[in-house]
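The numbering of the sequence shown is our numbering, which starts it at 4 and goes up by one.
The beta-carbon is built from N, C-alpha and C at its ideal position, and this holds for glycine as well.
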Amino acid sequence: MSAPARPGAEQWEQWGVDPAWSRTIDVPSHDGGVHRWHLLERRPDGPIGAVVCVHGNPTWSYLWLRLLERLGDRWHVIALDQLGMGYSDRLGRRRYAERVRDLADAIDALDLDQRVVVVGHDWGGAVVQGWAVDHPDRLAGLVLCNTGIAVPAGRRAPGLIRLAAAGPMTDLVGRRTRVFVDGTLALSTRRIPASVRPPLRAPYGRAADRAAIRDFVDDVPFDDTHPSAAAVADVAARLSQVTAPALLVWGAADPVFDDSFALDLATRLPHADQHRLARAGHLSPLETEVADVAGVIDTWLADRIAGGAQDAVSAGGAVAEASAARPPVWAALAARAADDAVAFVDGATGDTHSFRTLHERVTGIARGLVERGLRPGDRVAMLIPPGVDLLAAVYGVWRAGGVTVVADRGLGLRGLGAAVRGARVQWVIGPREALAAARTMRWAPGATRLAVGSRRTMGAIATLDEVAASTAPMPPEPAPDDQAAVLYTSGATGPAKGVRYLHHQFAAQRDALAASYGITADDRLVAAFAPFALYGPALGIASTIPDVDVTKPGTLTADALGRAAAAIDATIVFASPAALANVVRTSAGADPRLGGVRLVLSAGAPVPVATLRAVAGLVPTAEPHTPYGMTECLPVADVSLAAIDAAGTGRGVCVGPPVVGAQVLVAPLGFDAATPVVAVPPGTTGEVLVRAPWVSEGYDRHWATERDARPLDAVGRTWHRSGDVGHVDASGVLWIEGRSVHVVHTDRGPVTPVPVEVATEYVPGVGRAAAVGVGPAGCQVLVVVIEVASGDDGLAPAPLAESVRTAVRTEVAHPVAAVLQVGSLPVDIRHNTKIDRTLVARWASDVLAGGRGRRPW
4 MSAPARPGAE
14 QWEQWGVDPA
24 WSRTIDVPSH
34 DGGVHRWHLL
44 ERRPDGPIGA
54 VVCVHGNPTW
64 SYLWLRLLER
74 LGDRWHVIAL
84 DQLGMGYSDR
94 LGRRRYAERV
104 RDLADAIDAL
114 DLDQRVVVVG
124 HDWGGAVVQG
134 WAVDHPDRLA
144 GLVLCNTGIA
154 VPAGRRAPGL
164 IRLAAAGPMT
174 DLVGRRTRVF
184 VDGTLALSTR
194 RIPASVRPPL
204 RAPYGRAADR
214 AAIRDFVDDV
224 PFDDTHPSAA
234 AVADVAARLS
244 QVTAPALLVW
254 GAADPVFDDS
264 FALDLATRLP
274 HADQHRLARA
284 GHLSPLETEV
294 ADVAGVIDTW
304 LADRIAGGAQ
314 DAVSAGGAVA
324 EASAARPPVW
334 AALAARAADD
344 AVAFVDGATG
354 DTHSFRTLHE
364 RVTGIARGLV
374 ERGLRPGDRV
384 AMLIPPGVDL
394 LAAVYGVWRA
404 GGVTVVADRG
414 LGLRGLGAAV
424 RGARVQWVIG
434 PREALAAART
444 MRWAPGATRL
454 AVGSRRTMGA
464 IATLDEVAAS
474 TAPMPPEPAP
484 DDQAAVLYTS
494 GATGPAKGVR
504 YLHHQFAAQR
514 DALAASYGIT
524 ADDRLVAAFA
534 PFALYGPALG
544 IASTIPDVDV
554 TKPGTLTADA
564 LGRAAAAIDA
574 TIVFASPAAL
584 ANVVRTSAGA
594 DPRLGGVRLV
604 LSAGAPVPVA
614 TLRAVAGLVP
624 TAEPHTPYGM
634 TECLPVADVS
644 LAAIDAAGTG
654 RGVCVGPPVV
664 GAQVLVAPLG
674 FDAATPVVAV
684 PPGTTGEVLV
694 RAPWVSEGYD
704 RHWATERDAR
714 PLDAVGRTWH
724 RSGDVGHVDA
734 SGVLWIEGRS
744 VHVVHTDRGP
754 VTPVPVEVAT
764 EYVPGVGRAA
774 AVGVGPAGCQ
784 VLVVVIEVAS
794 GDDGLAPAPL
804 AESVRTAVRT
814 EVAHPVAAVL
824 QVGSLPVDIR
834 HNTKIDRTLV
844 ARWASDVLAG
854 GRGRRPW
C-alpha cells in the first residue's frame, strides 16, 4: 500500500519545515523488494559527519525538527520515517528484527561515506541499538532518548503499553481510532507547543495509515514466547560490546520510559554520558519549553565526535591538582572512639551521645549494612530527620563504602521525591512517614528500606537499631577516589541538581574549614543549619542542633540558640541569615549562655551587615564571619564583620579574599565555555569561577550542565563556574553582584542586581528589594520591586519610587524604568533569603503590561 500524500510546500512551511528538506528514496530491501522511504534531510557543504535519526511509535521524522534546525548547518542530518510510518510506504507487519534490517538497508542506500551517529527515540531507540550492535565498524556514536531495550529488572513493562497491547485493545487504540496517537501527544500536552500537534498527527488520519502503529504495540515482547523476544534479547545482551561514544538524554517526567529504563541502559553502556531533563517528558526532542535536547546533543557531538576543546573536562577533569593524602573524613571520630566526652546533643530531646557511643553506632551501621547486602557504590537516600540517627547513618554509610544521597527537607515532598528518583538509589533509610512517602509515590522502586524507629514498617527489612547491633566484620575502607555523596542544590535558581562528591574532596573540605577558622578539638559547634552538624564528627568536635523546624530556619529563637549553646558550652555557631535575623528579633539582649562563643558563621545567602552588627551586640565575645561558597564548593572566600566595615561601600556584597587553598577567577560575562577562559582586569564585573581541592566531582546525570560549568583555562586547568557574578578589587577581595541568570541585559549594557538592591534597601520604608529585567534580552529595562510593610501590590507611590530611583542612580548610574511594591518577595526554602528574581520578573512583566498582577507566590 502506498504512503499518504506528502504535504505541499505551503503546508511544510506552516509546520516550520523547509520544503526542500523533504524527499523520498527508493531502498532495495533485504526482503527482495524496493520500498520508498520518506526523510527530512539537511546536508551542508563539507559536513562534520552524518547523523541518522529514527523516531518511535506513533511519531515520524518531524519529531527531530529541532535537531535538524540546530545541526543542519554543520552536520549531514537525516531523519527517517520508518516503513509504515510518517510518509514512507505502508507494508505488512514488520517485526523488530526486520526493522533493524530495514534501517541497515536505508543507511546503505543513503551511501554515506563516513561513520554514522545514530539517534533514536522510543521504539526507534531499540531499532538503532540493533543497528549499532550489528555495525560496530560503521558506528560513530549512539544517542538514545526515552527508549529501552529490555524491561528493567524488578519492574513490569510500562502500564500504558500493557494496556494498549491487551488483546483487541491493540487494534482499537492503534489502528481503528487515533487513541494511541492522541494519547502519546497527551503525555506531553503541557510541554510541547500547540503548533507541533497537528503535524505529528498528520500522517495518521486514516485507519489504513495507522496499521504500523498497532503493529509496533503488538511487537512489544512481554514474555519469552513472543516472536520478537529472542531478537530483542540478543541486542540487549550485545549492547555492552558497543565502544563508540554514547549519550543518554532523558526526559525524566516520561511515564512510559522512566528513569528505570535509563538506569538499565546505563548499566549496559557504562561508558555512556547521561543528561537527565527533570521537567521533560516522553516527547522530549520537541519539548522546547522545558528542555533543549537538540542543544545537549549538539554540544555532545562537538565534544565526543568532532573532538571539541572540552574532551578532558567531559572525561572527568579535576578542578584542582591532586592533593597530598588526607585522613578519611571519619578519622577524627575514630581517634576519639574511647572518649566518653559529649559528641552530640539533640536540642529537641536533650539526649546526649558520647564520642564512644557515636563511634560504636557508626561502625555497627557500617557492619550491618554490608551484612545485609550493601555493595560499594550503592546509593542510599538519607530521609532521616536531623539528629544523632542522621549523623550515625551518614558516617556508617560512608564507612561501608556506600554513597549518601542528601536533599534538603525544605524542598518539600515533590522536590525530595524528584531528588531521590533522580539519584536512582538502591537503599532508603528513614522513619515511617518518609518510607511511606517513598513507597506511595514510587521514589525508589525496588530499593531496600531501613526504618528509623522502634519497629520495622513500610516493607523495611530491619530497623536502624537492628543494623547498628551487627557484630559482622568491618568492611574494607573505601578509597579516597570513591564516590561518597550526592548532595542536592537548593533549587533556588532552577531545578535542584545532584552534586557528586568523592571521599578525598570531603576530607579536603574538612581540612579547609579547620584551617580557615582555627578549629581544634576544644571547639564545640551549634549547627542551626542542620547539614552543618555533619562536620562535627569530621572535625572531632562536639555539636548540637537547636530545637528548631529545619524547614523554617527563620523560626530559630534566641532562647533556643541559648539553650543549645549551653548544652555543649559552645564556641562556634553556624546559622543561616534568616535564623540569625530571628534570633536578633526575639532577643532581650546579650545572653550569658553564649558567653563562650568565639565565632559566629552565617552563609548560604547574602548576610545583611545590620544583622551581623546586631549579632555582634548579642555575642560580644564572638567574631562574626560570612563564608562564601556553594553546594559545589565551600568555603571559597571568607570575610569578618571587621573586614566588611574596613572595606566600606562597594559594588555588591563583600565576601572577602579566597581562603587558603582556593583560587578565584573572574571571567567575562557570558564567555564561551568551549574556549580557554581568561580573567578580566580587577574591578571589572564578570562571572565568578573557582578552584580548590574540595570542589565537587561534578553534577549527577547532567552531562551538559557539568560540561558548561567546568571550563578550561589556557594552561589546561579546570575551573568551576559558580553561577555568580561579581568582581575582584585591587586588594584581591571578592565582591558578589548577583547570579548570572539574573543579570539585566539593557541596551546600555548589563546591570547586575545586587548593587541595585543594596542601594534600594537603604531607602526608608523599604524592606527587601529585587532588581529584575523586563523585556527581551539586550533591550530590557530595569525594574525594582520592593517589599513594604503596608500598601497594595503594584506601582509604588510616587515619592517612594522617586527615592528609589535617586538611590539607584547615585549607586549604579542607571535609570529605573519602574518601581513596584509587594507585601513580600518570594525567597528560597533553605535559607529564606535568596530572592526568586525570575518569578518576580514574570510578575513585574504582567503588571507593567496591564495584567491583573496577582502574585504567583
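Query: For Q666, the residue or residues it bridges with in DSSP; Result: R694
Query: Counterpart residues of S25 in DSSP-defined beta bridges; Result: L43
Query: Separation of A334 from E530, as counted between CA atoms; Result: Sequence inspection shows Ala at residue 530; the Glu mentioned does not correspond to that position. Distance between the alpha carbons of A530 and A334: 21 Å.
Query: Test: V455 CB closer than 8 Å to a CB of chain B; Result: In the structure shown, chain B does not exist; there is a single protein chain.
Query: Exposed unless 16 or more other CB atoms sit within 10 angstroms - verdict on Y765; Result: exposed
Query: For G853: DSSP bridge partner residues; Result: BP columns for G853 are empty, so no partner.
Query: Whether A463 touches R445 by CB criterion (8 Å); Result: no
Query: Among A437, R527, R724, the one whose alpha carbon lies nearest that of R459; Result: A437
Query: Secondary structure of R513, DSSP reduced to three states; Result: helix
Query: Same chain only: Cβ atoms within 6 Å of V373, ignoring 5 sequence neighbours per side; Result: A403, P478
Query: Presumed contact (8 Å Cβ cut-off) between S546 and A536, rounded CB distance; Result: 5 Å
Query: Assigned exposure category for T150 - 16 Cβ within 10 Å defines buried; Result: buried
Query: Alpha-carbon to alpha-carbon, G433 and G456; Result: 9 Å
Query: Buried versus exposed, by CB contacts within 10 Å (16 or more), D105; Result: buried
Query: E480, enclosing alpha helix (DSSP H) - first and last residue; Result: Per DSSP, E480 belongs to no alpha helix (DSSP H) and is neither H nor E.
Query: Where Q313 sits in the DSSP three-state scheme; Result: Confidence at Q313 is low in this model, with a pLDDT of 38, below 50, so the placement of that residue should be treated as unreliable; the coordinate-derived value is given next. Correct three-state label for Q313: coil.
Query: Cα-Cα separation, A584 to G565; Result: 15 Å
Query: First and last residue of the uninterrupted beta strand (DSSP E) at E740; Result: 737-742
Query: Cβ distance (whole Å) where L669 is taken to contact V691 below 8 Å; Result: Leu is not the amino acid found at residue 669; the sequence shown has Val there. Right, their Cβ atoms sit about 6 Å apart.
Query: Residue environment, A240, which counts as buried when at least 16 other CB atoms sit within 10 Å; Result: exposed
Query: Segment limits, alpha helix (DSSP H) that includes F183; Result: 182-189
Query: DSSP state of T62 mapped onto helix, strand, coil; Result: coil
Query: Exposure label - V693; buried when at least 16 CB within 10 Å; Result: buried
Query: Within 8 Å, strictly: CB atoms of V728 and V746; Result: yes
Query: Length at least 3, wholly inside the segment 788-834: the beta strand (DSSP E) runs in chain order; Result: 821-825
Query: Buried versus exposed call for E16 [16 or more other C-beta atoms within 10 Å across all chains shown]; Result: exposed
Query: Cβ separation of P288 and L70, assumed to be a contact under 8 Å, to the nearest whole Å; Result: 7 Å
Query: Three-state secondary structure (DSSP) of I647; Result: helix
Query: Buried or exposed (CB count within 10 angstroms, at least 16 for buried), D29; Result: exposed
Query: Exposure of P734, with buried meaning 16 or more beta-carbon neighbours within 10 Å; Result: It should be noted that the sequence gives Ser, not Pro, for residue 734. Exposed.
Query: Segments of 3+ residues assigned as beta strand (DSSP E) that fall wholly inside the segment 265-309; Result: 276-280
Query: Run of the beta strand (DSSP E) containing I432, from where it starts to where it stops; Result: 430-433
Query: Local conformation of R102 per DSSP, three classes; Result: helix
Query: Alpha carbon of W40 to alpha carbon of T291, nearest angstrom; Result: 28 Å
Query: DSSP state of E700 mapped onto helix, strand, coil; Result: coil
Query: Reference W67; option with closest CA among S5, G298, V502, A234; Result: G298
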